[in-house]
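Under my numbering, the residues of the sequence shown are numbered 4 to 142, in order.
Where a beta carbon is used, it is the ideal one built from N, C-alpha and C, also for glycine.
Just so it is clear, the structure is predicted and the values come from calculations on it, not from any experiment.
Shown next, in structure tokens, is the structure this report addresses.
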Amino acid sequence: MLELPLGVKLRPILIKQWDCPTYQYVSAIDDVDEGLPWYHDIWNFIESGEYPAEAYKKDQLALRRLAAQYIICGGKLHRRSYCGMHKLCVDIAEATKIMEEIHEGVCGPHMSGVMFTRKILRQGSVLKSGSAPPSCLRP
């Protein structure tokens, strides 16, 4: 037992035990689906300089800082990378399709999670149509 000097007051620590995992109590981001891709606010800010209607000052500052990392090129949103490769932003449906194609072995053998991620990033620089990339994406 811990001995305390006279006159010292302690506040009790409340510990709550849940009957199921915590992530089930947290509302998922996917639940707030308005039919727009996740990058809609970034795209709108870069294109027109407008903030979402419900954005507070801190949200506006965060959006400005976040938008500095993105560019619109060829009608698509790309994230700038420190190594010079621009990464295409895709919605959930297209991301699922890309992951399924790579995981099925269309682009090579089955691999671990780290190699799988690297393979997806490498495939982002290859155009399926065979045409040259837009001028803003050329090194």
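For residue i, three-class secondary structure by DSSP
i	result
I32	Because I32 sits at a pLDDT of 47, beneath the cut-off of 50, its placement in the model cannot be relied upon, and the following sentence gives the value as read from the coordinates. Three-state DSSP puts I32 in a helix.
E50	helix
K12	coil
K19	coil
E37	coil
L7	coil
DSSP beta-bridge partners of residue i
i	result
R82	Y73 and K90
Pick from the options that is closest to residue i, judged by C-alpha positions
i	options	result
C76	K60, G38 and M88	M88
G38	H106, D94 and M102	D94
Y42	Q72, K19, L17 and W21	Q72
C86	L124, W21 and Q20	L124
W46	H81, E57, P8 and V117	H81
Limits of the alpha helix (DSSP H) - the one that residue i falls within
i	result
S57	Here residue 57 turns out to be Glu, not Ser, going by the sequence shown. No alpha helix (DSSP H) contains E57, which DSSP labels as neither H nor E.
E103	I95 to E107
8 Å Cβ cutoff met for residue i and residue j
i	j	result
F48	L64	no
K79	L69	no
I105	K122	yes
heavy atom of the ligand COA below 7 Å from residue i C-beta
i	result
K122	Only the bare structure without any ligand can be found here, which leaves the ligand COA out of the picture.
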